Amino acid sequence: MKVLVTGGAGFIGSHTVDLLLSKGYEVKVLDLLQSRVHPYGKPKYVIPDIEFIQGDVCDKEAMIKAMSDVEGIFHLAAYQDYMKDFSNFIKTNAYSTALIFEIIVEKKLNIKKIVLASSQSVYGDGKYTCKDHGIQYPDSRNIEQLDRADWEMHCPKDGCKEYLVPALIDEAVTNPFTAYGISKETLEKLAIKLGSRYSIPTVSMRYSIVQGPRNSFFNAYSGVCRIFTLRLINDKPPVIYEDGKQLRDYVHVYDVAAANVTAFENSSCDYSALNVGGIKGTNLIDYTNTLIKVTGKNIEPIIAGYYRYGDTRHTVSVSEKLKKLGWKNQYTLEDIFKDYLKWVYEQPDIKDRYEEVEQIMKKQSVLRESKLVNKL
Ligand SMILES: NC(=O)c1ccc[n+]([C@@H]2O[C@H](COP(=O)([O-])OP(=O)(O)OC[C@H]3O[C@@H](n4cnc5c(N)ncnc54)[C@H](O)[C@@H]3O)[C@@H](O)[C@H]2O)c1
207 MKVLVTGGAG FIGSHTVDLL LSKGYEVKVL DLLQSRVHPY GKPKYVIPDI
257 EFIQGDVCDK EAMIKAMSDV EGIFHLAAYQ DYMKDFSNFI KTNAYSTALI
307 FEIIVEKKLN IKKIVLASSQ SVYGDGKYTC KDHGIQYPDS RNIEQLDRAD
357 WEMHCPKDGC KEYLVPALID EAVTNPFTAY GISKETLEKL AIKLGSRYSI
407 PTVSMRYSIV QGPRNSFFNA YSGVCRIFTL RLINDKPPVI YEDGKQLRDY
457 VHVYDVAAAN VTAFENSSCD YSALNVGGIK GTNLIDYTNT LIKVTGKNIE
507 PIIAGYYRYG DTRHTVSVSE KLKKLGWKNQ YTLEDIFKDY LKWVYEQPDI
557 KDRYEEVEQI MKKQSVLRES KLVNKL
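Residue numbering for the sequence shown is 207 to 582, as defined by the working numbering.
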């Protein structure tokens with residue numbers, strides 16, 4: 207079968223392409239080679255003899271050309287990160303999804319399945335329990351709370367204010383609060399509603415934090431693995447935000463590529479959204495200490511009470527629905543670090559850019575100081 211991978215020159219896209227090729231698919235890529243991700247042009251890991259269209263997923267002519275002779279689509283290209291140009295998230299991520307359906311319907315294309323990249327960001331601040339009020343999906347913490355270094359979530363029920371206990375996130379409730387998260391929720395709705403209306407099977411993949419080789423150095427605002435690794439190999443301490451107790455789940459990019467292909471090949475997940483998470487929740491201090499151990503450096507991280515406005519407190523997904531399709535995590539956190547480090551050392555430019563990025567985030571009031579900083 208011939209399939210199209212949008213964003214196939216990117217991190218997740220390129221590993222998905224490699225896996226598809228190894229399984230005998232014929233693969234075609236459409237990628238803009240966005241300069242923020244690929245400042246030096248087409249990456250060397252893009253296999254030279256596959257059909258490659260340099261184009262924008264929002265360009266109808268380019269997409270018609272890309273889609274006309276395929277039977278499956280992996281729609282992974284997206285606008286991402288912490289930027290404040292909100293309209294671009296909606297424009298690229300939601301518009302392009304609607305465009306794909308528009309083209310299929312208009313040109314009567316025989317597309318058998320579409321796999322779409324969604325994100326854990328559709329859950330906003332995630333799921334918690336209150337000892338008095340049960341399951342809660344609270345809104346994000348405000349600046350006043352964060353300025354007090356009061357990091358944990360409080361129960362949103364009137365007058366309660368109890369501290370909440372983090373719960374594992376299943377697929378049931380979405381509550382995004384960023385333009386990126388809203389763009390992904392919209393993409394999912396388009397995929398489910400237009401997909402079922404026109405009998406085009408779809409599945410949206412809600413990736414947790416994906417890590418591993420080929421993660422671009424240049425998406426510099428996010429990506430704790432990249433940022434901390436570059437700090438450490440340049441003999442500088444990683445800077446942990448808040449108190450380091452925030453929980454996240456991390457998934458190896460090889461597991462994500464396998465999840466994409468599993469979902470593509472399995473019709474029982476059609477018209478749904480699936481979590482693609484890590485093995486378990488890990489707090490940032492344990493995460494950093496494991497990374498330090500793998501790098502072999504003797505460096506202590508800094509916890510100085512800085513916070514990034516808009517970060518979630520605890521988000522850990524469970525992937526039970528995906529596991530029912532036969533998928534499971536094959537790679538641990540140590541595997542992620544080892545594979546990433548090996549790749550980093552093969553790269554020509556492993557400069558630490560943290561200070562530069564820190565200044566930009568401070569200027570944009572994304573990175574802020576809590577009262578804890580003032581006390582130190
Ligand atoms: N990496 C993660 O942790 C993570 C987590 C959740 C969701 N996702 C989603 O997974 C997908 C892949 O992410 P990634 O980490 O591989 O990112 P990436 O930046 O490495 O890859 C994205 C690719 O899309 C291309 N692209 C961007 N805008 C485009 C456009 N308008 N037209 C065509 N191509 C365009 C870029 O050039 C890049 O090659 C995205 O949809 C992203 O939102 C990623």
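Heads up, the beta-carbon is just placed ideally off N, CA and C, and yes, glycines get one too. Here the structure is a predicted model, which means the values were calculated and not measured.
Query raised in the report: Would DSSP call glutamate 575 helix, strand or coil?
Result: For the purposes of this step, residue 575 is taken as the residue at position 369 of the sequence shown. DSSP places glutamate 575 in strand when its eight states are reduced to three.
Query raised in the report: Over what stretch of residues does the alpha helix (DSSP H) that includes glycine 219 continue unbroken?
Result: Here residue 219 is taken as the residue at index 13 of the sequence shown, counted from 1. From DSSP, the alpha helix (DSSP H) with glycine 219 extends over 217 to 228.
Requested in this report: Give me the Cα-Cα distance between glutamate 562 and lysine 318, rounded to the nearest whole angstrom.
Outcome: Here residue 562 is taken as the residue at index 356 of the sequence shown, counted from 1. Here residue 318 is taken as the residue at index 112 of the sequence shown, counted from 1. Cα-Cα distance, rounded: 46 Å.
Report task. Quickly, what does DSSP pair methionine 411 with across the bridge? List them, please. Result -> Locating residue 411 in the sequence shown gives position 205, counting from the first residue. According to DSSP, methionine 411 bridges with Ala323, Leu480.
Query raised in the report: Out of Lys208, His244, Lys399, Ile253, which has the shortest C-alpha to C-alpha gap to serine 220?
Result: Walking along the sequence shown from the start, residue 220 turns up at place 14. Measuring from the Cα of serine 220, the nearest candidate turns out to be Ile253.
Query raised in the report: Going by alpha carbons, who is nearest to cysteine 361 out of Lys486, Asp345, Lys534?
Result: Mapped onto the sequence shown, residue 361 falls at position 155. When only C-alpha atoms are compared, the closest one is Asp345.
Report task. List the endpoints of the continuous beta strand (DSSP E) containing cysteine 431. Result -> Counting from one through the sequence shown, the residue named residue 431 turns up at place 225. No beta strand (DSSP E) holds cysteine 431; the alpha helix (DSSP H) holding it covers 430 to 439.
Query raised in the report: Thinking just about the alpha-carbon of each residue, which of Phe543, Ile542, Val524, Val572 is nearest to the one in lysine 534?
Result: Within the sequence shown, residue 534 is the residue found at index 328, counting from 1. It is Val524 whose Cα lies nearest to the Cα of lysine 534.
Query raised in the report: Just to confirm, are threonine 488 and leucine 539 a CB contact at a threshold of 8 Å?
Result: Within the sequence shown, the letter at position 282 stands for residue 488. Within the sequence shown, the letter at position 333 stands for residue 539. Yes, the Cβ-Cβ distance between threonine 488 and leucine 539 is below 8 Å.
**Report entry** Closest Cα partner of glutamine 342 within the set Leu370, Glu312, Ile320, Lys271
**Finding:** Start at 1 with the first residue of the sequence shown, and residue 342 comes out as number 136. Taking only the C-alpha atoms, the option nearest glutamine 342 is Leu370.
**Report entry** Exposure label - glutamate 506; buried when at least 16 CB within 10 Å
**Finding:** Here residue 506 is taken as the residue at index 300 of the sequence shown, counted from 1. When all chains shown are included, glutamate 506 counts as exposed.
Query - Cβ shell of asparagine 421 (< 8 Å), same chain only, five flanking positions each side left out - result: Here residue 421 refers to the residue found at position 215 when the sequence shown is read from its first residue. Excluding residues within five positions, the ones whose Cβ falls inside 8 Å are Phe217, Gly429, Cys431, Arg432, Val459, Tyr546.
**Report entry** Cβ contact check for the stretch 258 to 271 and the stretch 297 to 306: 3 or more pairs under 8 Å
**Finding:** yes
Query - Three-state secondary structure assigned by DSSP to isoleucine 566 - result: The residue labelled residue 566 in the question sits at position 360 within the sequence shown. Note: isoleucine 566 maps to helix in three-state DSSP.
Report task. Please confirm whether leucine 227 and methionine 273 have their CB atoms less than 8 Å apart. Result -> Looking up residue 227 in the sequence shown gives position 21. Looking up residue 273 in the sequence shown gives position 67. Not closer than 8 Å, so no.
Report task. In the DSSP assignment, find the beta strand (DSSP E) that holds glutamate 328 and state where it starts and stops. Result -> The residue you call residue 328 lines up with position 122 of the sequence shown. First, the residue type needs correcting, since residue 328 is valine and not glutamate in the sequence shown. Segment: none, valine 328 is in no beta strand (DSSP E) and carries neither H nor E.
Query raised in the report: Do the stretch 321 to 333 and the stretch 374 to 390 make contact, defined as three or more Cβ pairs closer than 8 Å?
Result: yes
**Report entry** Same chain, Cβ closer than 7 Å to asparagine 294, five either side skipped, listed in chain order
**Finding:** The sequence position of residue 294 within the sequence shown is 88, counting from 1. Closer than 7 Å at Cβ, skipping near neighbours: Tyr285.
Query raised in the report: Quick one: any contact between the stretch 404 to 414 and the stretch 457 to 475, if contact means 3 or more CB pairs under 8 Å?
Result: yes
Query raised in the report: From threonine 222 to histidine 520, what does the alpha carbon distance come to, in whole angstroms?
Result: The residue labelled residue 222 in the question sits at position 16 within the sequence shown. The residue labelled residue 520 in the question sits at position 314 within the sequence shown. The straight-line gap from Cα to Cα measures roughly 28 Å.
Query raised in the report: Do you know how far the Cα of asparagine 316 is from the Cα of tyrosine 231?
Result: Taking the first residue of the sequence shown as 1, we reach residue 231 at position 25. Taking the first residue of the sequence shown as 1, we reach residue 316 at position 110. Straight-line Cα distance between these residues: approximately 17 Å.
Query raised in the report: Alpha carbon to alpha carbon, what distance is there between alanine 323 and lysine 390?
Result: Your numbering for residue 390 matches position 184 in the sequence shown. Your numbering for residue 323 matches position 117 in the sequence shown. Going from the Cα of lysine 390 to the Cα of alanine 323 covers about 8 Å.
Query raised in the report: According to the neighbour-count rule (16 or more other Cβ atoms, all chains shown, within 10 Å of its Cβ), is phenylalanine 292 buried or exposed?
Result: As a first step, residue 292 is located in the sequence shown; it is residue number 86 there, counting from the start. Counting Cβ neighbours within 10 Å, phenylalanine 292 comes out exposed, since fewer than 16 surround it.
Requested in this report: Grab the span of the alpha helix (DSSP H) containing leucine 393 for me, first residue to last.
Outcome: Against the sequence shown, residue 393 aligns to sequence position 187. Element bounds for leucine 393: 385 to 403.
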